[in-house]
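Have a look at the structure below before the remarks.
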Amino acid sequence: MEATEMLMEEHKIIERVLASLELGARRLDEGKTMRAGFFIEAADFVRDFADGCHHKKEEGALFPAMELAGIPKQGGPISVMLEDHEEGRRLIRAMRAAAEKMDAGDASTKSEIAQNAQDYAALMRNHITMENNILFPMADNAMPTGNQVKVAEAFKRINQAATAEGVYQKYLDLAEALERESKA
Numbered sequence: 000m001e002a003t004e005m006l007m008e009e010h011k012i013i014e015r016v017l018a019s020l021e022l023g024a025r026r027l028d029e030g031k032t033m034r035a036g037f038f039i040e041a042a043d044f045v046r047d048f049a050d051g052c053h054h055k056k057e058e059g060a061l062f063p064a065m066e067l068a069g070i071p072k073q074g075g076p077i078s079v080m081l082e083d084h085e086e087g088r089r090l091i092r093a094m095r096a097a098a099e100k101m102d103a104g105d106a107s108t109k110s111e112i113a114q115n116a117q118d119y120a121a122l123m124r125n126h127i128t129m130e131n132n133i134l135f136p137m138a139d140n141a142m143p144t145g146n147q148v149k150v151a152e153a154f155k156r157i158n159q160a161a162t163a164e165g166v167y168q169k170y171l172d173l174a175e176a177l178e179r180e181s182k183a
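Those letters in the sequence shown? Residues 0 to 183, by my numbering.
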C-alpha cells in the first residue's frame, strides 16, 4: 500500500536520527564533548517530524482506518504502538529537559541525557521493526483498497502542509546535520 510505503520511507529518516542519538549518547558516556544543543535539536526533530508529522499520520489516519477494517484499537498491535508513542514522548521530554539543564551549565545531567537518548533509540528501533514487519502488512491486508487510497490521500495532505510550511525540508536537513555532528 502506498501509505505504509510512505511511513517506511520516513522510518529511514527517523533511523538516521536514532543512530545519531546513539552515537551522541555514547560520546557523552565516554566523557567526550557533545553540545547540549545537539540533544535539544534532536528533541525538536522528534517532536516536529517523528511525532508531529509521522505519528500524526499513523494516529490520525492509519490507525482509525485499521479500526474500521476490524483491527481492534485495544488489546492489539495498535494499542502497543500508541503506548510506544507515549513512552517515546516521555523519554524525549526527559532528554530535552536534561539537555537544557546542561546547556545552562549543569554538567551533572550528562548521564541522564545519554540514558534517555539510548532508551528512546532502543524503543523506536523495536517500534519501527514491529510496524514495518507486523503492523503495516496487517494494515495492507485488512484494509479495502478504497480505504487505503483515503489513507494515502490523508498522508499526502499532511505532507503538503508540512512542505508548504518548510517543515519537511527543515527536518530532513536537521537529520543530516545531526548525523554529521554525531560522527565528528
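Glycine included, each C-beta is placed from N, C-alpha and C at the ideal position.
F62: first and last residue of the uninterrupted alpha helix (DSSP H) it sits in: Numbered from 1 along the sequence shown, position 63 holds the residue referred to as residue 62. That run of the alpha helix (DSSP H) goes 62-67.
message: Can you tell me whether R156 is buried or exposed? The criterion is at least 16 other CB atoms within 10 Å of its CB, across all chains shown.
response: Position 157 of the sequence shown, counting from 1, holds the residue named residue 156. With fewer than 16 Cβ atoms within 10 Å of its Cβ, R156 is classed as exposed.
As assigned by DSSP and simplified to three states, the class of Q73: Position 74 of the sequence shown, counted from the start, is the residue given in the question as residue 73. DSSP places Q73 in coil when its eight states are reduced to three.
Euclidean distance between Cα positions of M123 and D83: Mapped onto the sequence shown, residue 123 falls at position 124. Mapped onto the sequence shown, residue 83 falls at position 84. Cα to Cα, M123 sits roughly 8 Å from D83.
message: Which of the three DSSP states is assigned to A35 in this structure?
response: On the sequence shown, residue 35 is found 36 positions in, with the first residue counted as 1. Residue state, collapsed to three classes: helix.
task: May I have the straight-line CA-CA distance separating V45 from A153, to the nearest angstrom?
output: The residue given as residue 45 occupies position 46 in the sequence shown. The residue given as residue 153 occupies position 154 in the sequence shown. Going from the Cα of V45 to the Cα of A153 covers about 21 Å.
task: Round the Cβ separation of D28 and A103 to the nearest angstrom and send it over; I've been treating them as touching at under 8 Å.
output: Residue numbering aside, residue 28 sits at position 29 when the sequence shown is read from its first letter. Residue numbering aside, residue 103 sits at position 104 when the sequence shown is read from its first letter. Rounded, the Cβ-Cβ distance is 21 Å, inconsistent with contact.
message: Assess contact between the segment 10-18 and the segment 84-95, defined as three or more Cβ pairs (one per stretch) separated by less than 8 Å. Is contact present?
response: no
query: Mind checking whether T32 and D139 have CB atoms under 7 Å apart?
result: For the purposes of this step, residue 32 is taken as the residue at position 33 of the sequence shown. For the purposes of this step, residue 139 is taken as the residue at position 140 of the sequence shown. It is not a contact, given that the beta carbons lie outside the stated cut-off.
message: Can you give me the C-alpha to C-alpha distance between A161 and D43, rounded to a whole angstrom?
response: Position 162 of the sequence shown holds residue 161. Position 44 of the sequence shown holds residue 43. In this structure, the straight-line span from the alpha carbon of A161 to that of D43 is close to 15 Å.
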